[in-house]
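Protein sequence lines, in the order shown, are assigned to chains A and B.
According to the numbering used here, the stretch in the first sequence is residues 1 to 431, in order.
According to the numbering used here, the stretch in the second sequence is residues 432 to 871, in order.
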Amino acid sequence: MMDSIKEFRFSKIRETLHYTKLRNGLEVFILPKEGYSKQFAVFATNFGSIDTRFTIPGEDEATSVPDGIAHFLEHKLFEEEKGNVFDKFSKLGASANAYTNFTNTAYLFSSTSNFYQSLEVLVKFVQNPYFTDQNVEKEKGIIGQEIRMYDDNGEWRSFFNLLQGMYKNHPVRIDIAGDIESIKKIDKETLYKCYNNFYHPDNMVLFAAGDIDISRAVQVIEESLDSRVHERKSGIERHYPWEPAEVAKERVEQRLSVSQPLFNIGFKDNDVGYGGERMFVKDISTSILLEMIFGKGSNLYERMYREGLINATFSFDYTAEVDYCYTILGGESPDPDRLAELISHEISLINEADLTEEEFTLARNKLLGRYLNNFNSLEYVASNFVSYHFKGVNFLEFMDFIEAISIDTVRERFRAHLRPETMVLSVILPK
Amino acid sequence: MEGVYYQQRLDEGVNLYLIKEPKFKTVWISLFLYRQLDENTTKNALLPYVIKRGNQDYQDLKAIEKFLGEKYGATLSVDVVKKGDLQLLYFNSNVISDKYTLNGEGVVSAVLSFILDLIRKPLIGDNGFKEEFFGQEKQNLRKLISARINDKIQYSLERCYEEMYKGRPFSRYRYGDIEELDQITSRELADYYYKLLSETPIDIFVVGDVDISDLKDVLDRGLEINRQNILYPMQEQYNPDRDVPREVVEAMDVNQGKLVMGFKTGVDYKSAQYVPMLVYTSILGGGTHSKLFNNVREKASLAYYSFARMEKFKGLMVIGSGIETTNYQKTVQIINQQLEEMNKGNISEYEIDGAKKALVNDILSMKDNQAQTVDFLLNRIISGHGMTPQTLIKEIERVTVQEVREVSGKVEPVVTYFLTSTKSGGGEMNDGQYKRISVF
């Protein structure tokens, strides 16, 4: 029995999105991409590394789980009673993978043949956990080496150290994979508890893209879903600790075997607590603002580059989540402290009138170009779509939002967000 | 060339390849200048960065960025690329297709023209390149060269190759070295650039929703460079010494050890056994179907990653894995067991089938990615092999276990390289410099 499939056209980007909601609450989105050899599907849950304290529907007491459990679960879901799910994908010629970030866990594959069979494998294996004491123990060695690998990665360390500087309590300050100690505490019971709570279809989304037959894909998904699972009456309650406006530490430092200092500079954004359209406007207008202030065409960029304080590795980005938002700048610098001082000083000198219409238009068009580029890659568009979906935003509506944003919104964001007292510096120094 | 929608010779040794793909929303423009790894390697590495800073029309970063911003944030990136013994100077831009501009204006042709102007209208005066650009980019390159140690996985792979090809061009780092860099003057670099521009083969690739008529004005002008005595670079024929398998251990203050095993196979792009070798490498360590993934990672829990990869220009193979330093011997032993299994032809139907399908999937997927499409064509041009994606797929599907077994006989160990920790290895740190503790 096929639920009705709705069609949404986005004429400015020449894309059409197909949508349906299945009976057990799962939302399915399909983006046809004509001319692509590849098909891509991602099945994701709104469960990430920050979700370590929650109340299970029907229970009174909150449950706390070890750090790194969402990522651990991601690894373990590939295991089935009769071996490894990778084998099934390999036999079909599809390439499977998964990732965990702060807010979601996603299982995905790309194929150039056998798409519908691979889709069936994807939907079924994600619904079929198989955790044993033995296979949980075995994974600790593998994840342990994954953690060790990142311990040697200067950029990665700098980023997480920065988050520890910005946040006093919020679990975004903790590494996605947890640490060697926290993963030791993970056992199969805790994994099942997380799985049962967060891997319910009403907390998940399925997105597929490629040159595919939409009704056939929806049919495969529907038939592969566990018919015993029904829509839940109550939702998941997540508990995040209270986070003060001020930063935890203004400066964080670590030494690693690197050739020259690496840095991240962050601005903690305290305008949080909402998703949806309002968050999307904040997200886009802040990105335009950053492009105007730190972009390659800006006075500040030119000054930093000419003084040798930054090089081609310099980058910046704004992250908007419901419960936490921040701006991050990063790169290599011979003198991160001098750089941070310069940025802080220069920002304090900027007046709203310095943010001109002309710069605004240039920055906006740059963002537009970057947005369009997303649609070249099925992977990019899929991962963006999923992460925005869980925040109550349709990623394909970007064009309508960006055209509605005025310079006033951007100036307002400047006033509210780029404040020296919310700035944190993280440095990795050579040993 | 098959798969190319349009090809035009712009000048002596200058070709443009247009791959029309309406599915892409941007147009990808790549320009390569082909050089050889030699005493000018550091100069070649420095040039793209200095050239990127400004030309006669756009004399500084701000002017360039204003131009690119007006073209919807067309990107501009430069780099040098190493392909076997070749070193390529690389200029790239990714710009939205004319179909998506807000007012229907054209942007692609202007960006192509800009890329060409960047290389043909350099900002060079009596003293060479503008001193400010030259000085800063020299400083940046110096840091880039020393930053080689930062990415431990990449670093250990390159160190293994370096040990295998000691003293040969292939051992050179693609960004050159600091000794050479220190000696370069701006005047000398400018003179070298003029020579390079006249004699170096150049290829331009354009991939996206674009017609040749959109670019006609730019192409009709030609390159407007004085071209003579075109110098086509070559891969050096050299066999790394394989009589004594050597072990190189290097210590750094790291948390995880990086094991890299380097092999000589003599099988490159043009070898008759190229395709069986592709399948061999994939069975051994080309994904989740492979022996290394399943034995080093899944069974022994020794590593998060463990792969095998071909170097297709020089006829080499490398195996890489990140492990606890104390597990070095154990891991080498398990890897050697897998090589032995390959040798004996102990390859399951699942393994060979998974390997072939993974290779085919990669080849077909390549067409959906502009950068990979260019890279495939580039590798064909450089190596001179004639295989299209379709012929390659057919060949892969025909490979038998017997052929894989035969090709395993060509895999000979040359260097085992291990990046270990100073904490566990007994070596001492020397002012942030690594120290080699044993070389056998």
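Backbone N, C-alpha and C define an ideal beta-carbon position, used for all residues, glycine too.
Worksheet item: Any C-beta of chain A sitting closer than 8 Å to the C-beta of Met-818 of chain B?
Response: Numbered from its first residue, the second sequence carries residue 818 of chain B at position 387. No, Met-818 of chain B lies away from the interface with chain A (no Cβ there is under 8 Å from its Cβ).
Discussion item. At 4 residues or longer, what runs of the alpha helix (DSSP H) sit wholly inside the segment 480-518 of chain B?
Written reply: 492-501
Worksheet item: Between the C-alpha atoms of Val-838 of chain B and Tyr-711 of chain B, what's the straight-line distance to the nearest angstrom?
Response: Taking the second sequence and counting its residues from 1, one reaches residue 838 of chain B at position 407. Taking the second sequence and counting its residues from 1, one reaches residue 711 of chain B at position 280. Cα to Cα, Val-838 of chain B sits roughly 8 Å from Tyr-711 of chain B.
Worksheet entry | Pick from A:His-417, A:Gly-35 and A:Glu-137 that is closest to Thr-327 of chain A, judged by C-alpha positions | On the first sequence, residue 327 of chain A is found 327 positions in, with the first residue counted as 1. Ranking the options by Cα distance to Thr-327 of chain A, first place goes to A:His-417.
Worksheet item: Are the C-beta of Ala-94 of chain A and some C-beta of chain B separated by less than 8 Å?
Response: Start at 1 with the first residue of the first sequence, and residue 94 of chain A comes out as number 94. Yes, because at least one Cβ of chain B sits closer than 8 Å to the Cβ of Ala-94 of chain A.
Fill in: Beta bridge counterpart(s) of Leu-549 of chain B as assigned by DSSP
In the second sequence, the residue the question calls residue 549 of chain B occupies position 118. Paired residue(s): none; Leu-549 of chain B is not in a bridge.
Practice prompt. Work out the CA separation of Ile-288 of chain A and Arg-364 of chain A for me, nearest whole Å.
Written response: Taking the first residue of the first sequence as 1, we reach residue 364 of chain A at position 364. Taking the first residue of the first sequence as 1, we reach residue 288 of chain A at position 288. Cα to Cα, Arg-364 of chain A sits roughly 6 Å from Ile-288 of chain A.
Practice prompt. Could you please give me the residues that DSSP links to Trp-459 of chain B through a beta bridge?
Written response: Within the second sequence, the letter at position 28 stands for residue 459 of chain B. DSSP lists B:Asn-525 and B:Val-638 as partners of Trp-459 of chain B.
Practice prompt. With DSSP as the reference, please indicate the residues paired to Asn-446 of chain B in a beta bridge.
Written response: The count along the second sequence starts at 1 and reaches residue 446 of chain B at position 15. Answer by DSSP bridge pairing, in chain order: B:Arg-440 and B:Asp-634.
Worksheet item: Could one say the Cβ of Glu-181 of chain A lies closer than 8 Å to chain B's Cβ atoms, at least one of them?
Response: Numbered from its first residue, the first sequence carries residue 181 of chain A at position 181. Output row for Glu-181 of chain A: interface = no.
Worksheet entry | N- and C-terminal bounds of the alpha helix (DSSP H) containing His-417 of chain A | Translated into the one-based positions of the first sequence, residue 417 of chain A becomes position 417. Unbroken alpha helix (DSSP H) run through His-417 of chain A: 407-417.
Worksheet item: In chain order, what residues of the same chain lie with their CB nearer than 7 Å to the CB of Glu-7 of chain A, ignoring the 5 residues before and after it?
Response: Position 7 of the first sequence, counted from the first residue, corresponds to residue 7 of chain A. Thr-16 and His-18, listed in sequence order.
Fill in: Continuous beta strand (DSSP E) stretch holding Val-252 of chain A: start and end
Taking the first sequence and counting its residues from 1, the one referred to as residue 252 of chain A is at position 252. Taken as a continuous stretch (DSSP letters only), the beta strand (DSSP E) holding Val-252 of chain A covers 251-256.
Practice prompt. Please name the residue, chosen from A:Tyr-195, A:Ile-405, A:Ile-147 and A:Ile-142, that lies closest to Tyr-130 of chain A on a Cα-to-Cα basis.
Written response: Counting from one through the first sequence, the residue named residue 130 of chain A turns up at place 130. Closest by alpha carbon: A:Tyr-195.
Worksheet entry | Cross-chain neighbours of Tyr-130 of chain A in chain B, by beta carbon under 7 Å | On the first sequence, residue 130 of chain A is found 130 positions in, with the first residue counted as 1. In chain order: nothing, as chain B lies at least about 15 Å away.
Worksheet item: Which residue from B:Arg-652, B:Ile-635 and B:Met-683 puts its Cα closest to that of Lys-921 of chain B?
Response: The first residue shown for chain B is 432 and the last is 871, placing residue 921 of chain B beyond what the model contains.
Practice prompt. Express the C-alpha separation of Asp-133 of chain A and Glu-181 of chain A in angstroms, rounding to a whole number.
Written response: Against the first sequence, residue 181 of chain A aligns to sequence position 181. Against the first sequence, residue 133 of chain A aligns to sequence position 133. Distance between the alpha carbons of Glu-181 of chain A and Asp-133 of chain A is about 17 Å.
Item to complete: Using alpha carbons as the reference points, say which of A:Ser-387, A:Gly-369 and A:Met-399 lies closest to Tyr-503 of chain B.
Response: For the purposes of this step, residue 503 of chain B is taken as the residue at position 72 of the second sequence. Measuring from the Cα of Tyr-503 of chain B, the nearest candidate turns out to be A:Gly-369.
Fill in: Interface partners of Ile-253 of chain A on chain B, CB under 9 Å
On the first sequence, position 253 is the one that residue 253 of chain A refers to. A small correction: the amino acid at residue 253 of chain A is Glu; Ile does not occupy that position in the sequence shown. Going along chain B, no residue has its Cβ under 9 Å from Glu-253 of chain A, so there is no contact; the nearest lies around 15 Å.
Worksheet item: Given a threshold of 16 other Cβ atoms within 10 Å of its Cβ, counted over all protein chains shown, does Gly-858 of chain B qualify as buried or as exposed?
Response: Reading the second sequence from its first residue, position 427 is the one you call residue 858 of chain B. Per-residue confidence for Gly-858 of chain B stands at a pLDDT of 35, beneath the threshold of 50, marking its modelled position as unreliable; the derived number appears in the next sentence. When all chains shown are included, Gly-858 of chain B counts as buried.
Fill in: CB-CB length for Ile-174 of chain A against Asp-67 of chain A, believed under 8 Å
Here residue 174 of chain A is taken as the residue at index 174 of the first sequence, counted from 1. Here residue 67 of chain A is taken as the residue at index 67 of the first sequence, counted from 1. Right, the Cβ-Cβ distance comes to about 5 Å (below 8 Å), so this counts as a contact.
Worksheet item: At a CB-CB cut-off below 8 Å, which residues of chain B make contact with Val-258 of chain A?
Response: As a working mapping, residue 258 of chain A is identified with position 258 in the first sequence. Ala-578, Ile-580 and Asn-581, listed in chain order.
Practice prompt. With His-389 of chain A as the anchor, note down where its alpha helix (DSSP H) starts and where it stops.
Written response: Residue 389 of chain A sits at position 389 when you count from the first residue of the first sequence. Looking at the DSSP string, the run of the alpha helix (DSSP H) that includes His-389 of chain A is 378-389.
Practice prompt. Closer than 8 Å by C-beta to Asp-271 of chain A: which residues in its own chain qualify, once you throw out the five before and the five after it? Chain order, please.
Written response: Taking the first sequence and counting its residues from 1, the one referred to as residue 271 of chain A is at position 271. Cβ neighbours of Asp-271 of chain A beyond the five flanking positions: Lys-282, Cys-325, Ala-416 and His-417.
Discussion item. I'd like to check one pair, Thr-20 of chain A with Val-218 of chain A: are the Cβ atoms closer than 8 Å?
Written reply: The residue you call residue 218 of chain A lines up with position 218 of the first sequence. The residue you call residue 20 of chain A lines up with position 20 of the first sequence. In contact: Val-218 of chain A and Thr-20 of chain A (Cβ atoms closer than 8 Å).
Discussion item. Distance cutoff 8 Å, beta carbons only. Does Pro-479 of chain B sit that close to anything in chain A?
Written reply: On the second sequence, residue 479 of chain B is found 48 positions in, with the first residue counted as 1. By this cut-off, Pro-479 of chain B is not an interface position.
Worksheet entry | Cβ separation of Gly-93 of chain A and Ser-113 of chain A, assumed to be a contact under 8 Å, to the nearest whole Å | In the first sequence, residue 93 of chain A corresponds to position 93, counting from 1. In the first sequence, residue 113 of chain A corresponds to position 113, counting from 1. Contact holds; Cβ gap of about 6 Å.
Item to complete: Establish whether the CB of Arg-370 of chain A and some CB of chain B are separated by less than 8 Å.
Response: One-based indexing of the first sequence puts residue 370 of chain A at position 370. It does: the Cβ of Arg-370 of chain A has a partner Cβ on chain B nearer than 8 Å.
Worksheet entry | Residue span of the beta strand (DSSP E) that contains Leu-31 of chain A, given as start and end | Looking up residue 31 of chain A in the first sequence gives position 31. That run of the beta strand (DSSP E) goes 27-32.
Practice prompt. Would you identify the three-state DSSP class for Met-665 of chain B, choosing helix, strand or coil?
Written response: Position 234 of the second sequence, counted from the start, is the residue given in the question as residue 665 of chain B. In the structure shown, Met-665 of chain B sits in coil (DSSP, three-state: anything other than H, G, I, E or B).
Discussion item. When you compare the CB of Gly-297 of chain A with every CB in chain B, is at least one pair closer than 8 Å?
Written reply: The residue given as residue 297 of chain A occupies position 297 in the first sequence. Yes - at least one Cβ of chain B is within 8 Å of the one on Gly-297 of chain A.
Worksheet item: Which chain B residues are close to Ala-235 of chain A, counting only those with a beta carbon under 9 Å from its beta carbon?
Response: Reading the first sequence from its first residue, position 235 is the one you call residue 235 of chain A. Inspection of the sequence shows that residue 235 of chain A is occupied by Gly rather than by Ala. Under the 9 Å cutoff, chain B gives no residues; its nearest Cβ is about 35 Å from Gly-235 of chain A.
Item to complete: Out of A:Glu-341, A:Gly-210 and A:Ser-95, state which residue places its alpha-carbon closest to the alpha-carbon of Lys-38 of chain A.
Response: In the first sequence, the residue the question calls residue 38 of chain A occupies position 38. Here the closest residue by C-alpha is A:Gly-210.
Worksheet item: Quick one: is Glu-343 of chain A near chain B, going by C-beta distance under 8 Å?
Response: On the first sequence, position 343 is the one that residue 343 of chain A refers to. Correcting the residue type first, residue 343 of chain A is Ile in the shown sequence and not Glu. For Ile-343 of chain A, the answer is no, since every Cβ of chain B falls outside 8 Å of its Cβ.
Practice prompt. Compare the C-beta of Met-1 of chain A with all C-beta atoms of chain B and state if any pair is closer than 8 Å.
Written response: On the first sequence, position 1 is the one that residue 1 of chain A refers to. Summary for Met-1 of chain A: the model assigns pLDDT 45, below 50, so the residue's position carries little reliability; its value from the coordinates is reported in the next sentence. Cβ-Cβ to chain B under 8 Å: no for Met-1 of chain A.
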